[in-house]
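One gets the working numbering by counting positions in the sequence shown from 1 and adding 23 to each.
Cβ coordinates follow ideal geometry from the N, Cα and C atoms, glycine included.
The structure displayed is predicted, hence computed values, not measured ones.
Worksheet: the structure to be examined is printed underneath.
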Amino acid sequence: MKKGKKLHQFCILLTFLLLLLFPAAAYGSENGGGEDEPALAPYFVIEGADPETDAFPLKETDVSASINGIIAETFVTQTYANEGQKPINARYLFPASDSVSIHGMKMQIGDQVITAKIQEREEAKETFQAAKEEGKSASLLEQQRPNVFSMDVANIMPGDTVRIELHYTEMVVSTEGIYEFVFPTVVGPRYAGNAEGKEDDPQNEPGSGSQTPNQWVATPYLEEGKTPPGKYNITVNLSTGVPLTSLSSKSHEVKIEKSSDSTATVTLAHPEDYAGNRDFILRYQLTGEEINSGLILDSDGEENYFMLMVQPPERYTSGQLLPREYIFVLDVSGSMYGYPLDTAKDLIRDLVSGLKESDRFNLLLFSNSSLQMSPGSVPATKENIQKAMDMINQESGGGGTELAEALREAVSIPMDPEFSRSVITITDGYISGEKEIFGIIHKNLGNTNFFSFGIGDSVNRYLIDGIAKAGQGEAFVVTDSEDAAETAERFRTYVQAPLLSDIKVDFDGFEAYDIEPPVVPTLFARRPIVLFGKWRGEQAGTIRITGRQGGEGDVSLNGTDGEAGFVQEIDVASMENSKHSQALRYLWARKKVERLMDYGSQSTDSKLTKKLVTAIGLQYSMMTPYTSFVAVTETVRNPAGEGCDVTQPSALPLHVSGLAVGGYTAGSEPGAWIFLLGTMLLILILVMRRPSDSLLARFSQNTKKFP
């Protein structure tokens, strides 16, 4: 009995030692044990570590957006203030829409305003570093992802107030008559995965700021539910040219002032409440025909640009629709815990319940690994739908986010050539390695359509939109559980509508060139096709657009018949020329870079791609993965050259659990540690049973060497 008691105490001690030591050992092994190797997982900043240092230098963000027609021009001003007693070198990570073209930056210190210069990325870093070492105030803007940027500021002296202004342009496109302007406010935590960095990834280029692949993933986050002390102000001036029927924001409470039936100013109703932990989303609808359904021209002197928008067909017959197959790929990782996964469950239930029995579907759940409902897609019967619901209801969220492997499995499911296959990915997108995912999609474009649902208040829109764009499909985002049913209905309408293929655009008497994209994508219902290009010569001639639906004859793009088939023609001479607006040149350049780099580009020559993208960035004074903005003061403001390096922590996205960040290394999420903890607790319970227990007795017989 005495030996059993000692053994009992020993086992308890051993269990607690394992609980304490195993996570630390795992952390060291996953990171290679190197002292200088930074952790890839997001972490928290401990406030008050140095009372002389202001750990939160970003004090205010002001956003002013002007939307004219379908083109949005945005100015973002960030105000930094050093209220401490030491010079500060600060870094701040912030998001933007994945389709923006950043083409201007200014830095203001006191009354001095410096216009930033665009330079090759490595050169810009060297310029910034040299200024930092010389004691000059400087700022550096770099692209970490197409929708994630980093701002570095150096030598902010005590008492300094520094303002950084960004200027960018983007396009607002409608889906089913609803226009949506999104201003992302926070970068969600990224699951880094186990994949090695690729040589052609711009994030791993020299001068990218990454010592290890995707090091930027390690941005700090505040505790769950806590917001930074800075202010966030947003103002949108809207001028549509067509009367507004609705204007609202479900993401924030807003104040709307209408000056006419087609113009309005939108501001935050309560600017004192921090607005930077969720995306700002403004939606509006218009009366009559959707605006800019034809051609927009611009002449800026050096080169001329145009934007062609093609509206989808308004009429179709059921005989033109092909049988459909849907494969749902659902993220059940740790970052989906709680609201996102609950919303996803409701969303899939609404989607599959609306399918016809002649449709087929399949379900694939993924986190660290994937689980498939059936080896092949099954008819959308009530029994099969219930089977899918039972499978989803067993999940509560846990593990990593290995989307690439899940997509490989989805596209490998046997296919019936008579069915039109659509793969639907549902995730918050909190991962890295997007380019690998886009590559998988690109290789399967010939036989599969790709759609995506983003779930959460602040999703990774580059991934969500990229999945859809790479697959020439449509992205859908749910930011509020109340929107789930409405979004599901919009999705059903979208995927059940006719599909136009073999779309051709012919130019007769109008000299167009450098068209982006060079291959016209397929057309889904109520989503326009947008082409950008350059033109020279006279503003004359005709643009003719034709399309074929399901191989069963031509379909009109404007809903009218013609003797020569269904066709839309645009008279170029009758179109208005905006002249010197500059917006189209930036949008064309952004599309060009997007095709060269993003969404699974086929180019295998990374050096050539880098050269082409760099040239575009320098020519158009535009931010790219290989070009950056840098601004430097002329005077030396910190002769000693000493300063404190601080990193501005981001607010954790609203409704995202703290389990998504902190305490876990890259390649892991809470699921593995919960399993380990449960195992250890089970051992502890067994050990604490009475000494006569058979398990303890067996331990006693085999441990005579212990006193």
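Buried or exposed by the 16-neighbour rule on C-beta atoms within 10 Å, applied to residue i
i: Val-636; result: buried
i: Tyr-360; result: buried
i: Leu-631; result: exposed
i: Pro-648; result: buried
i: Val-655; result: buried
i: Arg-559; result: exposed
i: Gly-56; result: Low confidence applies here, because Gly-56 scores a pLDDT of 37, under 50, leaving its location unreliable; read the following figure in that light. The residue is exposed, with fewer than 16 neighbouring Cβ atoms inside 10 Å.
i: Asn-470; result: exposed
i: Tyr-687; result: The predicted position of Tyr-687 is uncertain, since its pLDDT is 40 and thus under 50; no value can be drawn from it.
i: Gln-142; result: buried
i: Pro-110; result: buried
i: Ala-95; result: buried
i: Tyr-453; result: buried
i: Gly-200; result: exposed
i: Val-543; result: buried
i: Ala-612; result: buried
i: Ser-419; result: exposed
i: Lys-527; result: exposed
i: Asp-439; result: exposed
i: Ala-507; result: buried
i: Ile-93; result: buried
i: Val-482; result: buried
i: Glu-665; result: exposed
i: Asp-529; result: exposed
Residue i and residue j closer than 8 Å at C-beta
i: Arg-11; j: Asp-323; result: What is shown of the chain runs 24 to 730, which leaves residue 11 out entirely.
i: Val-401; j: Asn-256; result: no
i: Gly-479; j: Thr-502; result: yes
i: Leu-21; j: Ile-593; result: Given that the chain is displayed from residue 24 to residue 730, the structure contains no residue 21 and the question cannot be resolved.
i: Asn-391; j: Ile-350; result: no
i: Asp-121; j: Phe-206; result: no
i: Glu-497; j: Arg-550; result: yes
i: Phe-461; j: Gly-423; result: no
i: Lys-273; j: Ile-304; result: yes
i: Met-646; j: Gln-152; result: no
i: Thr-100; j: Glu-193; result: no
i: Lys-615; j: Glu-534; result: no
i: Phe-555; j: Met-330; result: yes
Supposed close pair residue i, residue j - CB separation, criterion 8 Å
i: Phe-499; j: Arg-513; result: 7 Å
i: Ile-415; j: Leu-320; result: No, Ile-415 and Leu-320 are not in contact; Cβ-Cβ is about 50 Å, not under 8 Å.
i: Glu-280; j: His-293; result: No, Glu-280 and His-293 are not in contact; Cβ-Cβ is about 16 Å, not under 8 Å.
i: Phe-172; j: Leu-163; result: That belief does not hold up - the Cβ atoms of Phe-172 and Leu-163 are roughly 11 Å apart, past 8 Å.
i: Thr-288; j: Asn-327; result: 33 Å between Cβ atoms; not a contact.
i: Thr-183; j: Asn-105; result: The sequence given here places Asp at residue 183; Thr does not occur at that position. Asp-183 to Asn-105, Cβ: 5 Å. Contact.
i: Phe-474; j: Ile-447; result: 5 Å
Spatial neighbours of residue i in its chain, beta-carbon cut-off 7 Å, leaving aside the 5 residues before and after
i: Arg-660; result: Gly-158, Lys-159, Ser-160, Asn-178, Met-180
i: Gln-605; result: Asp-323
i: Met-412; result: Arg-372
i: Ser-271; result: Arg-306
i: Glu-146; result: none
i: Lys-155; result: Asn-112, Ala-161, Ala-177, Asn-178
Sequence-distant residues of its chain with Cβ nearer than 6 Å to residue i (five each side left out)
i: Val-553; result: Met-332
i: Arg-515; result: Gly-377
i: Tyr-202; result: Val-195, Tyr-307
i: Asn-91; result: Ser-262
i: Thr-138; result: Lys-129
i: Leu-374; result: Ala-511
i: Gly-348; result: First, the amino acid is wrong: residue 348 is Glu here, not Gly. These residues qualify, in order along the chain: Arg-383, Ser-400, Phe-442, Arg-444.
i: Ile-132; result: Ser-160, Val-185
i: Gly-574; result: Confidence is the limiting factor: at Gly-574 the pLDDT is only 49, short of 50, which leaves the residue's position unreliable, though a coordinate-based value still follows. If we look at Gly-574 and ignore the five residues flanking it on each side, it has no Cβ neighbours.
i: Thr-97; result: Ala-88, Tyr-191
i: His-126; result: Tyr-609, Ser-644, Met-645
i: Lys-221; result: Confidence in Lys-221 is poor, its pLDDT being 46 and thus under 50, which makes the residue's placement unreliable; the coordinate value appears in the next sentence. Nothing meets the Cβ criterion.
i: Asn-407; result: Val-401
i: Thr-258; result: Ser-87, Thr-290
i: Lys-368; result: Ile-415
i: Val-123; result: Tyr-191, Glu-193
Residues of its chain near residue i, where Cβ-Cβ distance is below 8 Å and the 5 sequence neighbours each way are ignored
i: Ala-596; result: Gln-562, Ala-563, Gly-564
i: Gly-598; result: Residue 598 is actually Met in this sequence, not Gly. Excluding positions up to five away in sequence, the list reads Gly-317, Leu-318, Ile-319, Leu-320, Gln-562.
i: Ser-282; result: Thr-288
i: Glu-380; result: Pro-402, Ala-403, Thr-404
CB contact check: residue i to chain D, cutoff 8 Å
i: Gln-135; result: Looking at the structure shown, chain D is missing, and only one protein chain is on hand.
What beta strand (DSSP E) runs, 3 residues minimum, are completely inside the segment 175 to 203? 184 to 194
Every unbroken alpha helix (DSSP H) inside the segment 107 to 185 [4 residues or more]: 144 to 157
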